[in-house]
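Heads up: the sequence shown begins at 4 in my numbering, then just goes up one per residue. One structure is given here, and the rest of the page talks about it.
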Amino acid sequence: MSKPVCYSTRAFSAASASSPLSAASIERRTPTASDVQIQIRYCGVCHSDLHFARNEWGFTQYPCVPGHEIVGRVTAVGAGVTKFKVGDTAGVGCLVDSCRTCPNCRAGLEQFCDNGMVMTYGSTDKHLGTPTLGGYSQSIVVTEDFVLRMPANLDLASAAPLLCAGITTYSPMRHWKVGPGQKVGIVGLGGLGHMGVKFARAFGARVVLFTTSPGKAADAKRLGAHEVVVSTDEAQMQAQSGSFDFILDAVAAVHDINAYVNLLKRDGNLVLVGAPGKPLAVAAFPLIFRRRSFSGSLIGGLPETQEMLDFCGKHNITCDIELIRMDQINDAYERMLKSDVKYRFVIDMATLA
Ligand code: NAP
Ligand code: ZN
Ligand code: ZN
4 MSKPVCYSTR AFSAASASSP LSAASIERRT PTASDVQIQI RYCGVCHSDL HFARNEWGFT
64 QYPCVPGHEI VGRVTAVGAG VTKFKVGDTA GVGCLVDSCR TCPNCRAGLE QFCDNGMVMT
124 YGSTDKHLGT PTLGGYSQSI VVTEDFVLRM PANLDLASAA PLLCAGITTY SPMRHWKVGP
184 GQKVGIVGLG GLGHMGVKFA RAFGARVVLF TTSPGKAADA KRLGAHEVVV STDEAQMQAQ
244 SGSFDFILDA VAAVHDINAY VNLLKRDGNL VLVGAPGKPL AVAAFPLIFR RRSFSGSLIG
304 GLPETQEMLD FCGKHNITCD IELIRMDQIN DAYERMLKSD VKYRFVIDMA TLA
């Protein structure tokens, strides 16, 4: 395959694990026959962006461009593109390609592709052979099968984080059938956690939010939690013992997971979506004593991501965001590390000159 021609676009990139993000020019492929080119209007800031920019998972190649909650306007389409036309609003999440032929891809679970999914950043671009570069950028080119339709009734900036924070919390709750009559815990009121609260409530469960930040209690209730537990308060935790059907843990740092296993009923399930760079210690006894499960979940496939977006359109669900300028990104990372986000930063990409 001959290499496609490239064009330059502006981006914010990190040159090393310890350097701040700063403006740069990057190369993208010009759209091939199946590609959609998107002028990015907004990009959400996921804690994964921070883990990745600082090489906390150990596989970052530099310079890197984070960002996988991308929304914007279609500016060009390849000759074979049928689902999008110039002027459409479009979204791109954490995936930009996969093998499309393995059993997982055929089941619409591209995030578990046996032959290596292509992530929006940190994978290898199939066409260029170079690392994929994310959405802290003015434009992106993505094959049409990995481009999502955004519901027209939702505010675009507030809908951007649905593309990661939304699907990552929606998917496990659908998979494990969260619904009425169940007691559901959400751990951590950050970008993922606040969407977990909204979805669990929308699915009809009784929702309890666990937080290390007592100051977030009123917001948690406004977002849909029936109850708020301050997880550093031993007595409050004890009072919840053995009572949960399902707990979604969206914490970005190492923490005591056993404290939450203990809160599950018999056969209850604790699903980890948080991805700290260091292992969590899981004790045997809390698990084996009530046949409890400890599991994990990774974003969601393309069909389910579209289903989630459509669900949000229908039920008017968006993220609570703080819109920032591109040059505020390094401060935003520092605030994210202090759990000081309400509840997702979104970059206004018009501020990237
Ligand atoms: P975030 O906005 O920074 O939220 C994380 C929240 O966790 C914080 O707001 C805080 O909530 C709580 N927290 C932070 N440090 C803590 C600590 N030391 N002990 C206990 N609680 C703590 O992050 P995010 O963007 O939601 O992402 C959360 C994690 O999910 C990250 O590790 C990210 O990489 C991962 N992730 C995974 C997937 C997936 O597919 N599985 C997808 C996206 C992101 P309180 O103030 O309420 O305690
Ligand atoms: Zn993410
Ligand atoms: Zn595959």
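Cβ atoms here follow ideal geometry from the backbone N, Cα and C, with glycine treated the same way. Quantities reported herein were computed from a predicted structural model and do not represent experimental measurements.
Review point. What is the residue span of the alpha helix (DSSP H) that L312 lies within?
Key: Residues L305 to H318.
Point to revise | Beta-carbon gap between L267 and F292 smaller than 7 angstroms | key: Inclusion of L267 and F292 in the CB contact set at 7 angstroms is not warranted, their separation being larger than that value.
Practice item. Output the boundary residues of the alpha helix (DSSP H) element that contains L136. Key: No alpha helix (DSSP H) holds L136; DSSP gives it neither H nor E.
Review point. At what residue ranges does the region 95-179 contain a whole run of the beta strand (DSSP E), taking only runs of 3 or more?
Key: Segments of the beta strand (DSSP E) lying fully in the region 95-179: 98-100 and 142-146.
Check your understanding: Who pairs with D38 in a beta bridge, going by DSSP?
Key -> D38 is bridged to T146.
Point to revise | Cβ contact check for the region 182-189 and the region 205-213: 3 or more pairs under 8 angstroms | key: A contact exists between the region 182-189 and the region 205-213.
Point to revise | Residue closest to L308, alpha-carbon to alpha-carbon, out of D343, A286, M153 and T33 | key: Correcting the residue identity first, residue 308 is Thr in this sequence and not Leu. Of the candidates D343, A286, M153 and T33, the one whose C-alpha sits nearest the C-alpha of T308 is M153.
Check your understanding: In whole angstroms, what separates the C-alpha of L226 from that of G83?
Key -> Their Cα atoms are separated by approximately 42 angstroms.
Check your understanding: Taking Cβ to Cβ, would you say E72 is nearer than 7 angstroms to P164?
Key -> The answer is yes: Cβ separation under 7 angstroms.
Check your understanding: Helix, strand or coil for G227 per DSSP?
Key -> Coil.
Check your understanding: Is it true that the CB of A253 sits closer than 7 angstroms to the CB of G196?
Key -> Cβ distance < 7 angstroms, so G196 and A253 count as in contact.
**Study point:** Separation of P289 from E147, as counted between CA atoms
**Key:** Straight across, the Cα-Cα distance linking E147 with P289 is about 46 angstroms.
Exercise for review: Mind the definition here: the region 313-329 touches the region 158-173 only if three or more C-beta pairs lie below 8 angstroms; say whether that holds.
Suggested key: Enough Cβ pairs lie closer than 8 angstroms, so yes.
Exercise for review: With DSSP as the reference, please indicate the residues paired to N272 in a beta bridge.
Suggested key: Answer is F249 and S296.
**Study point:** Of the residues I332, A26 and L192, the one placed nearest K345, counting alpha carbons only
**Key:** Per the Cα distances, L192.
Review point. Sorted by chain position, which residues of the same chain lie with C-beta nearer than 6 angstroms to I170's C-beta, five sequence neighbours on each side aside?
Key: The answer, listed in chain order, is I302, G303, T308 and M311.
Check your understanding: Across which residues does DSSP place C9 in a beta bridge pair?
Key -> Beta-bridge partners assigned by DSSP to C9: R32.
Check your understanding: Pick from V95, D117 and A93: whose alpha carbon is nearest that of C102?
Key -> Residue D117 is the option with its Cα nearest to C102.
Check your understanding: Less than 6 angstroms between the CB of C322 and some heavy atom of ligand 2, yes or no?
Key -> Not under cutoff, so the answer is no.
Check your understanding: How far does the beta strand (DSSP E) with G75 in it reach, from first residue to last?
Key -> Unbroken beta strand (DSSP E) run through G75: I73 to V80.
Review point. Within the present structure, is the beta-carbon of G193 separated from the nearest heavy atom of ligand 1 by less than 6 angstroms?
Key: Result yes, Cβ under 6 angstroms from ligand 1.
**Study point:** Whole-angstrom distance between G280 and F62, CA atom to CA atom
**Key:** In this structure, the CA atom of F62 is about 11 angstroms from the CA atom of G280.
Check your understanding: Any contact of the region 259-274 with the region 336-352, i.e. 3+ C-beta pairs under 8 angstroms?
Key -> Short answer: they don't touch.
**Study point:** C-beta atoms of R31 and P7 nearer than 7 angstroms
**Key:** No, they are not a contact pair.
Check your understanding: Around the C-beta of R109, are 16 or more other C-beta atoms found within 10 angstroms, so that it is buried, or is it exposed?
Key -> Label assigned to R109: exposed.
Check your understanding: Should K88 be labelled buried (16 or more other beta-carbon atoms within 10 Å of its own) or exposed?
Key -> That one is exposed.
Review point. Secondary structure at K341, three-state DSSP: helix, strand or coil?
Key: The answer is coil: DSSP assigns K341 none of H, G, I, E or B.
Check your understanding: Since V190 is in the beta strand (DSSP E), which residue starts that stretch and which ends it?
Key -> Element bounds for V190: K186 to V190.
Review point. For T35, which residues of its own chain have a beta-carbon under 6 angstroms away from its beta-carbon, when the five flanking residues on both sides are left out?
Key: Around T35: P7 and G81.
**Study point:** Sequence-distant residues of its chain with Cβ nearer than 7 angstroms to G137 (five each side left out)
**Key:** Answer for G137: V68, P69, G70, H71, T123 and Y124, listed in chain order.
**Study point:** Backbone secondary structure at A20 - three-state DSSP
**Key:** Looking at A20 - three-state DSSP - the assignment turns out to be coil, as it is neither helix nor strand.
Review point. Are S339 and F15 touching if we call contact CB-CB under 7 angstroms?
Key: Just to set this straight, residue 339 is Met in the shown sequence, not Ser. Taking 7 angstroms as the Cβ cut-off, M339 and F15 do not qualify as a contacting pair.
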